[in-house]
Amino acid sequence: MIFQDARLKGVYEIQLEPMSDERGFFARAWCRKEFESHGLNPALAQCNISFNACSGTLRGMHYQAEPYGEAKLVRCTRGAIYDVAVDLRRDSRTFKNWVAATLTAEKRNMFFVPEGCAHGFLTLEDNTEVFYQMSEFYNPESASGFRWDDPAFHIVWPRNVEVISERDRTYPNFG
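Under our numbering, residues 5 to 179 are what the sequence shown spells out, in order.
Next up, the structure:
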C-alpha cells in the first residue's frame, strides 16, 4: 500500500499496489503493521456498507464524540465519491481545515480518516456503494455532525447536493 499524506495530520489517501498476472491482480487493502508504522489506529470493530441510488447524494458531516471517537478507512467499491475529512481537533494546527479525495471503484483507492475528524461524502455516480472499516463500535449517544455547507469550513463540493437525509440537512452549524 502507498500512503499519501493528505495535509491533515493522520489523514491519508491510500493506493493499492497490485501484483498482476494472467489471472488479474492481487493487492493488500489493509495491514495492521503498515497502519501502525504510519501512526494510524489499526483497530477494526465493525465494517459498514452504504448504497446510494442517485448521483448527488450527500452523507455527512459525521463524527463520534469522545470517548467513542472513531477512525474510518473508506473505499468506494462501486461508482465514485468525493470524500471529505474535516479536522475537529481543537489542539491541531489544522483545526477546521478540510481535505478531500475522489474515490472510485476503478482506482480502488481508499481514504483514512482518524479520530477527531468529521467525515462525509457526495456521490458522483448513480448506484454508488461505499465500504467502511471502523475502529470503534457505533455509539448513538456520541454520534454527532454539522451541516455539509457550514460556513465555518467552506467545503467546496464538486456538484450540487440532490439527495440528503433530514438528519444531515438539519444538523446545526459547528461553531
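Every residue gets a Cβ at the ideal spot worked out from N, C-alpha and C, and that includes glycine.
These figures come from a predicted structure and were not determined experimentally.
The C-beta of T132 has 16 or more other C-beta atoms within 10 Å across all chains shown, which makes the residue buried.
Check the Cα spacing between L12 and each of S96, C35, F29 and R36: the tightest is with S96. Per the C-alpha coordinates, the member of A156, E140 and W161 positioned closest to P71 is E140.
Counted as a single uninterrupted DSSP element, the alpha helix (DSSP H) harbouring K37 occupies residues R36 to S41.
Runs of the beta strand (DSSP E) lying entirely within the stretch 76-156, each at least 3 residues long, are 76-82, 84-91, 102-108, 114-117, 121-127, 132-138 and 147-149 in chain order.
Taking Q68 as the centre and dropping the five residues before and after it, the same chain places the C-beta of E74, E140, Y142, N143, S146, A147 and S148 closer than 8 Å to its C-beta, in chain order. Residue pairing from DSSP places C51 in a beta bridge opposite Q137. Within the DSSP secondary-structure output, V15 pairs in no beta bridge. R171: member of the alpha helix (DSSP H) spanning E170 to T174, first to last residue.
Per the C-alpha coordinates, the member of M114, V78 and L62 positioned closest to V160 is L62.
Only exposed fits Q50, as fewer than 16 other CB atoms lie within 10 angstroms of its CB.
Judged by beta-carbon spacing, F116 lies within the 8 Å limit of I18, meaning their Cβ atoms are closer than that value.
Contact holds between the stretch 99-107 and the stretch 80-89, because three or more Cβ pairs, one in each stretch, are under 8 Å apart. In the DSSP assignment, L62 falls within the beta strand (DSSP E) that extends over T61 to Q68.
If the five residues before and after M23 are omitted, its C-beta is found closer than 8 Å to the C-beta atoms of F29, F30 and A31, all from its own chain and listed in chain order.
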